[in-house]
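Chains as they are written, first to last, in the working numbering: chain P, 15 to 183; chain E, 15 to 183.
2 protein chains.
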Amino acid sequence: MAYASTPRNEISVEPRYLTDDQLRRAIEAVFFSYQRIFYDPDRILQVYGYGRAHHRALHFICFRTDVTVTGLLDLLGVTRQSLNRVLRELQNDGMLDMRIDTHDRRRRIICLTPRGETLASELFAAQRDRLRKAFRQAGSEAVGGFRAVMEAIAMGEDARISGDLERGS
Amino acid sequence: MAYASTPRNEISVEPRYLTDDQLRRAIEAVFFSYQRIFYDPDRILQVYGYGRAHHRALHFICFRTDVTVTGLLDLLGVTRQSLNRVLRELQNDGMLDMRIDTHDRRRRIICLTPRGETLASELFAAQRDRLRKAFRQAGSEAVGGFRAVMEAIAMGEDARISGDLERGS
DNA sequence: CTGAATAGGTCAATAATATTGACATTCCAA
DNA sequence: TTGGAATGTCAATATTATTGACCTATTCAG
């Protein structure tokens, strides 16, 4: 017996693309895409003795200018303790350059060293090929739609803050 | 200094939507969408004492008919040992019903009990709202493009098998 | 100047999820 | 009957994450 939760289109209020089945497929699409995109760089990470947490941090440090620790925390959605382990390891390996912000000396601006930049570009290259192929295959218009939907998904309020998951404060 | 890896559109061979910057945005879009979609059900899981691993398993058991353990392993991309922990817990709580396949008695067909079905629909409902809103906002055409790109991404070979990550066999 | 708030770092304990490796059973198929 | 497929399990370990408790700087408002 298939799962159903909304009353069956009684007066067909919902357009076809908003059925539970379509939404379920979208959930799975995001799941599988995530799998594909973030599994590709694994073999490179393995060489360096890193994991996906390092990759995620490197990515945002690479592509955001003047990231601070708090900025990174917001992007990654993890605790400071968790992030700091990763940053410590990357810094010890000479991948990162953390310097004090001149405008606010409490802040640290995180940058990549040349070594870090090399690694980040290796990782990006590993992901790029799959994506480029998919984009080319789907075509320009589809990519526009893809982007519109993705932005709309990300737009909504953050689940980590909205709910009563955060019991403190 | 921003990162660049492909030679700058010398004769503009690449369409605009295939630039490194667009591909980078797509990677982040998948990352953030995954975050949003799979953080939403967390507070429900917490009530049951489950984690995201349980959610993923429940999802596919709910929406695939006649899933076997191997089928689930392929979908989830984890090891048998990892999956079995989750299945054991779900079964002990009366969420699952595993019965032997009559055609091939080595296989187990995994189904949801009514309890499991209730939980799965709660979890799905938690994800559905965000998605429906995003789809409605983006519109029918955009959703078509979204689907095309997602399918193209998932289409490519599986990173877990293609590389030399799997050293055995 | 003082105190609150912000930004950052760290120690310790623990949890969730995952891995590798080794074995065992049951069952299908050639 | 033998090989392999499907499943389950024990044990050890790794990765990533958490909560909770402290700590130092620095900024900023009063």
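For each residue, glycine too, the CB sits at the ideal point set by N, CA and C.
Chain E contact for residue i (CB, 9 Å cutoff)
{"i": "P/Leu32", "result": "yes"}
{"i": "P/Arg146", "result": "yes"}
{"i": "P/Tyr53", "result": "yes"}
{"i": "P/His73", "result": "yes"}
{"i": "P/Val61", "result": "no"}
{"i": "P/Val161", "result": "Looking at the sequence itself, residue 161 of chain P is Arg, so the reference to Val does not match. By this cut-off, P/Arg161 is an interface position."}
Interface flag, residue i vs chain P, CB-CB below 9 Å
{"i": "E/Gly158", "result": "yes"}
{"i": "E/Gln151", "result": "yes"}
{"i": "E/Val81", "result": "no"}
{"i": "E/Val100", "result": "no"}
{"i": "E/Ala166", "result": "yes"}
{"i": "E/Ala67", "result": "no"}
{"i": "E/Arg94", "result": "no"}
{"i": "E/Arg129", "result": "no"}
Under 8 Å by beta carbon: chain E residues contacting residue i
{"i": "P/Leu110", "result": "Under the 8 Å cutoff, chain E gives no residues; its nearest Cβ is about 15 Å from P/Leu110."}
{"i": "P/Pro29", "result": "Ser154"}
Listed by chain order, chain P residues near residue i by CB distance under 7 Å
{"i": "E/Gly91", "result": "Gln49"}
{"i": "E/Gln141", "result": "Ile41"}
Reduced DSSP secondary structure (H/G/I, E/B, other) of residue i
{"i": "P/Asp111", "result": "strand"}
{"i": "E/Glu28", "result": "coil"}
{"i": "P/His68", "result": "helix"}
{"i": "P/His117", "result": "coil"}
{"i": "P/Thr132", "result": "helix"}
{"i": "E/Glu42", "result": "helix"}
{"i": "E/Gly153", "result": "coil"}
{"i": "E/Asp34", "result": "helix"}
{"i": "E/Gly158", "result": "helix"}
Cross-chain neighbours of residue i in chain P, by beta carbon under 8 Å
{"i": "E/Gly170", "result": "Arg50, Arg144, Lys147 and Ala148"}
Assumed close pair residue i, residue j - CB separation to whole angstroms, cut-off 8 Å
{"i": "E/Val44", "j": "P/Gly159", "result": "Not really, about 15 Å apart at Cβ, beyond 8 Å."}
{"i": "P/Lys147", "j": "E/Gly170", "result": "6 Å"}
Beta-bridge pairing of residue i - partner residues as DSSP gives them
{"i": "P/Cys125", "result": "P/Asp111"}
{"i": "P/Val81", "result": "P/Ile124"}
Proximal residues of chain P, C-beta to C-beta of residue i below 9 Å
{"i": "E/Arg120", "result": "Near E/Arg120 there are no residues of chain P at all, since even the closest Cβ is about 26 Å away, more than 9 Å."}
{"i": "E/Leu37", "result": "Phe138, Gln141, Arg142, Leu145, Arg146 and Phe149"}
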